[in-house]
Structure formats: C-alpha cells, structure tokens
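So the structure is just underneath, and the comments pick up after that.
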Amino acid sequence: MGFVIAVSQAKGGSSKTTTTVNLAGALIEQGYKVIVADMDKDKPDAIRWSQQGTAIKFIEPLFDDKPMDKIEHLRKQYDFVLLDTPPNYMPAAFKAIMLSDFVILPCSPSFLDQNNLTDAIAVPRMSQKPFKILGVKIKKRQRLSDQLIEELNKSGLAFKTMISSKTAILEAAFEGKWVGDFDKNSDSHKEFKKLAEEVLTFFNHQKQTDTQKVNSTAPSRAVNERI
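Under the UniProt record's numbering, think of the first position of the sequence shown as 1, with each following residue one higher.
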C-alpha cells in the first residue's frame, strides 16, 4: 500500500501545483512509482502542465465528488499518490486532506500566504493529519523572505528544505517538464531532491513507528461516507 500526500493552501498561486509536480518528479527519479491526481476541476493546472509537452506521464484528473474509492485504488498501485488540491478549501480540498497520510502546506513570503497560514494549519490539525510547511518562492537577501525563513525555523513545523524563486521552475512548466528533466544542474532540481529526501525520511520514520505498534490495536481508517 502506498502513501497519500495532499498539497494544500487556501489561496491560488501559492505553488501547490509547482510543489506537487516537482516533488513527484524527484520521487520518481529516486525509483518510486508515483502518480499526481489533479483535484482542481475549475483550474486543473497540473493537467495543463502535462499538456505543454510529452515528458510528464504521471498526472491524471481526479474530479470525483466522492474520491475515496479512486484514491484507495491508486494507493494500491503506487508508492506515492500526490493530491494537487483546489484553493479556498472547497470540499475536494477537505476530502483530500481527510484521505491523506501527510499534508504539505506551501507558504511564500507574500502577505496573503502568511496571513492564510493559520487557517491552513488548522485544517490538518482538525483532521489529525501530520503536516509540514514548505517555504516557497524564497529570494536571497530579501527582507520578506528572510522574515519567513526565520518564522518557519522558529515554528518547528517546517521542512528544512525551502524552494527558491528561480526561472528554471517557470521555464520547466512552459516546456511541459518537471525541473529535474528540464535542468538537472539547476538549484531548483537540487532543492526538490532534498525535499523528496525529507519526505522519505518522514515516511521511513512512520514505518518504524507502526512496526513498534504491531501488538497494539490498529486505528480505524474509516472516513465519512460522503467522502
């Protein structure tokens, strides 16, 4: 059985799709079987990204009102299922978090992203899902970026890896590629490789913890029938 990762934020333009596609590429590069499910039927940016070229073969739409069965089916086929969620916590975004094993919350130095972060954190907490914040669109020696880095480091809730604002990411999307295929020597490729390593470390730790609980009663994975 594979693991499900939801990439979520309240607002559009917060690098959810950029994070999802490039993290998937970095995990595939390490030999894992990965699929991205685009759940934003109104603005399916992951699907559009893949349609820019022929290099990306790991994205498919998931616009079902009740996605649980499809996600569980994908879980059985892949090592990782990454859910690219819609903004504004529409029902699909809530369902994605409820059905996930881990939640990634991208946050840029923008006022709106940081202002929405408290609400973004509240959703996985209420759902009792593990999560981490990912600093994105970081610029060196920029005051707002420096402030965000400081706050994320203090929080203890963030990835050590942060994703810089680089043209390679934008150019890769226009070519219909993930950044590792577009430019293996880019800083962006190195950053997403490090992010993938952090994600793998989290799940390896989870596996060890689950093994230690083998003699205890396994928690129910039931979710609301409407999901």
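Using N, Cα and C, we set each Cβ at its ideal position, and we do this for glycine too.
On a predicted model such as this, the values are computed, not experimentally measured, just so you know.
Bridge partners of Ala6, per DSSP? Leu83 and Val103
Let me confirm a value: His189 is counted as buried when at least 16 other C-beta atoms fall within 10 Å, else exposed. Which label applies? buried
In chain order, what residues of the same chain lie with their CB nearer than 8 Å to the CB of Leu152, ignoring the 5 residues before and after it? Cys107, Ile133, Gly135, Ala158 and Met162
What residues in its chain sit with their C-beta under 7 Å from that of Ser145, if we drop five residues either side in the sequence? Pro109, Ile138 and Lys139
Rounded separation between Lys16 and Leu82 - CA only: 11 Å
Quick one, are the C-beta atoms of Leu27 and Val21 less than 8 Å apart? no
Among Gly180, Lys70, Lys154 and Phe80, which residue has its Cα nearest to the Cα of Val7? Phe80
Pick helix, strand or coil for Asp183, following the three-state DSSP scheme. coil
Under three-state DSSP, which class holds Lys11? coil
Lys193: buried (16+ other C-beta within 10 angstroms of its C-beta) or exposed? buried
Would you kindly check if the distance between the Cβ of Pro91 and the Cβ of Asp42 is under 8 Å? no
Looking only at its chain, what residues have a beta carbon closer than 7 Å to the beta carbon of Asp187, apart from the 5 residues adjacent to it on each side? Ser164 and Lys166
For Lys140, does the three-state DSSP call read helix, strand or coil? coil
Cβ-based burial, Pro130 [other Cβ within 10 Å; buried from 16]: exposed
Determine the extent of the alpha helix (DSSP H) in which Asp119 is found, giving its start and end residues. Phe111 to Met126
By DSSP's criteria, Ser164 is part of a beta bridge. Which residues make up the other side? Ile138
Buried or exposed for Gln77, please, with buried defined as at least 16 other CB atoms from any protein chain shown within 10 angstroms of its CB. exposed
Output yes or no for whether 8 Å exceeds the beta carbon distance between Ala120 and Leu105. yes
Quick one: Cα of Val223 to Cα of Val199, how far? Unreliable positioning characterises Val223 in this predicted model, as indicated by a pLDDT of 42, which lies under 50. The coordinate reading is nonetheless provided below. Computed Cα separation, rounded: 24 Å.
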